[in-house]
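Have a look at the structure below before the remarks.
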Amino acid sequence: MRPYFAEFIGTYALVFCGTGAIVINDISNGVLGHQGIAITFGAIVMVMIYALGKVSGAHLNPAVSIAFAFINRFNSKDLMPYCIAQLAGALAASLTLALLFPSHLTLGTTVPSGSWQQSFVLEIMLTYFLMLVILIVSQNKALNQFSGLAIGGTVLLEAFFAGPITGASMNPARSIGPALVSGNTNLLWIYILAPIIGALFAIGTWHLYAKCLRFYRLDHKDLSKQDSF
25 MRPYFAEFIG TYALVFCGTG AIVINDISNG VLGHQGIAIT FGAIVMVMIY
75 ALGKVSGAHL NPAVSIAFAF INRFNSKDLM PYCIAQLAGA LAASLTLALL
125 FPSHLTLGTT VPSGSWQQSF VLEIMLTYFL MLVILIVSQN KALNQFSGLA
175 IGGTVLLEAF FAGPITGASM NPARSIGPAL VSGNTNLLWI YILAPIIGAL
225 FAIGTWHLYA KCLRFYRLDH KDLSKQDSF
């Protein structure tokens with residue numbers, strides 16, 4: 025049960041701090057600002073990866089768990105419990121915020137500021153880049169110690185530039201929690217479907233990257249052998 029509990033706690037922290045920053049920014053007349061919200065999301069992801077990574081892998085995101093299960097980097101029998109733990113953590117965080125700030129109407133729900141098509145495509149692209157970074161840094165032992173910085177930095181960057189348009193969810197749990205608790209479920213399907221599609225697209229690029237790296241290492245090994253004669 026330890027990994028499931030870690031996913032619950034990690035996703036709770038992500039949604040509580042991230043969407044909490046949105047709520048507090050709204051009721052404090054913009055004291056945090058968009059930059060402060062983006063930094064909060066990136067920082068909480070980074071902290072939770074370093075705190076919980078060795079326990080559960082710190083997925084904190086059903087789209088990430090689905091992608092890992094798809095490439096057998098994660099036991100498929102754990103997929104459903106992980107997703108349930110993540111969704112439960114997100115819902116618990118949003119319920120906490122609803123109790124703390126009962127007058128707030130959206131609780132940080134992600135909604136498109138433009139057309140749904142625009143946000144749908146953006147969410148696919150944002151999650152694609154995020155998942156690609158996750159796959160590369162988690163596979164490479166030399167980069168693994170910097171995984172929290174790389175992944176948290178990617179979340180910060182994408183929230184920074186795309187947040188005003190889509191909310192920069194990249195995470196079905198992050199969107200489902202506040203949407204269900206606040207009742208703003210109109211376009212929730214965008215933030216469920218698009219991140220999953222984006223994460224699965226990243227797998228194809230990752231396979232190509234791994235293949236090219238393998239060929240490079242083989243060529244490099246052959247050249248080293250030639251140099252030794």
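Using the numbering used here, the first residue of the sequence shown is number 25, and each one after it goes up by one.
Here a beta-carbon is modelled for each residue, glycine too, at the ideal position from N, C-alpha and C.
Keep in mind that this is a model prediction, so the values were computed, not measured.
| request: State the Cα-Cα distance for the pair residue 94 and residue 125, rounded to the nearest angstrom. | output: As a working mapping, residue 94 is identified with position 70 in the sequence shown. As a working mapping, residue 125 is identified with position 101 in the sequence shown. Cα-Cα distance, rounded: 39 Å.
| message | Less than 7 Å between the beta carbons of residue 89 and residue 134, yes or no? | response | Here the question's residue 89 lines up with position 65 in the sequence shown. Here the question's residue 134 lines up with position 110 in the sequence shown. Cβ atoms of residue 89 and residue 134: not closer than 7 Å.
| query | According to DSSP, is residue 235 helix, strand or coil? | reply | Position 211 of the sequence shown holds residue 235. Helix at residue 235.
| Which one of 115, 49, 176, 86 has the shortest CA to CA distance from residue 100? | Counting from 1 along the sequence shown, the entry for residue 100 is found at position 76. When only C-alpha atoms are compared, the closest one is 86.
| request: Quick one: grab the DSSP three-state call for residue 126. | output: Residue numbering aside, residue 126 sits at position 102 when the sequence shown is read from its first letter. DSSP places residue 126 in coil when its eight states are reduced to three.
| query | Taking Cβ to Cβ, would you say residue 175 is nearer than 7 Å to residue 221? | reply | For the purposes of this step, residue 175 is taken as residue 151 along the sequence shown, with counting starting at 1. For the purposes of this step, residue 221 is taken as residue 197 along the sequence shown, with counting starting at 1. No. Outside cutoff.
| Start and end of the alpha helix (DSSP H) containing residue 148? | Position 124 of the sequence shown, counting from 1, holds the residue named residue 148. Its alpha helix (DSSP H) spans residues 140-163.
| task | Just the C-alpha distance for residue 79 and residue 184, rounded to the nearest angstrom, thanks. | result | Position 55 of the sequence shown, counted from the first residue, corresponds to residue 79. Position 160 of the sequence shown, counted from the first residue, corresponds to residue 184. Distance between the alpha carbons of residue 79 and residue 184: 29 Å.
| field | Of the residues 203, 233, 164, the one placed nearest residue 114, counting alpha carbons only | value | One-based indexing of the sequence shown puts residue 114 at position 90. Cα-wise, what sits closest to residue 114 is 203.
| query | Considering only residues of the same chain and omitting the five flanking positions on each side of residue 72, which have a CB-CB separation below 7 Å? | reply | Your numbering for residue 72 matches position 48 in the sequence shown. Around residue 72: 34, 37, 38, 82, 84.
| Are there three or more Cβ pairs, one per stretch, closer than 8 Å when the segment 117-124 is compared with the segment 154-167? | no
| said: Would you call the segment 142-157 in contact with the segment 48-67, where contact means no fewer than 3 C-beta pairs closer than 8 Å? | reply: no
| request: Could you check the C-alpha separation between residue 233 and residue 106 for me, to the nearest Å? | output: The residue labelled residue 233 in the question sits at position 209 within the sequence shown. The residue labelled residue 106 in the question sits at position 82 within the sequence shown. Residue 233 and residue 106: Cα-Cα distance of roughly 27 Å.
| message | Assuming the contact rule is C-beta atoms closer than 8 Å, residue 182 and residue 154 should be a hit. Round their C-beta distance to whole Å, please. | response | Locating residue 182 in the sequence shown gives position 158, where the first residue counts as 1. Locating residue 154 in the sequence shown gives position 130, where the first residue counts as 1. The pair is a contact, with the Cβ atoms about 7 Å apart (cut-off 8 Å).
| query | If you run the structure through DSSP and keep just helix, strand and coil, what is residue 26? | reply | Against the sequence shown, residue 26 aligns to sequence position 2. Three-state result, residue 26: helix.
| said: Can you tell me whether residue 198 is buried or exposed? The criterion is at least 16 other CB atoms within 10 Å of its CB, across all chains shown. | reply: Against the sequence shown, residue 198 aligns to sequence position 174. Residue 198 is buried by the Cβ-count criterion.
| request: Tell me whether the beta-carbon of residue 206 lies closer than 7 Å to the beta-carbon of residue 131. | output: On the sequence shown, position 182 is the one that residue 206 refers to. On the sequence shown, position 107 is the one that residue 131 refers to. Yes; because the gap between Cβ atoms is below 7 Å, this pair is in contact.
| message | Just to confirm the assignment: which complete alpha helix (DSSP H) runs, minimum length 4, are found wholly within the segment 38-90? | response | 57-80
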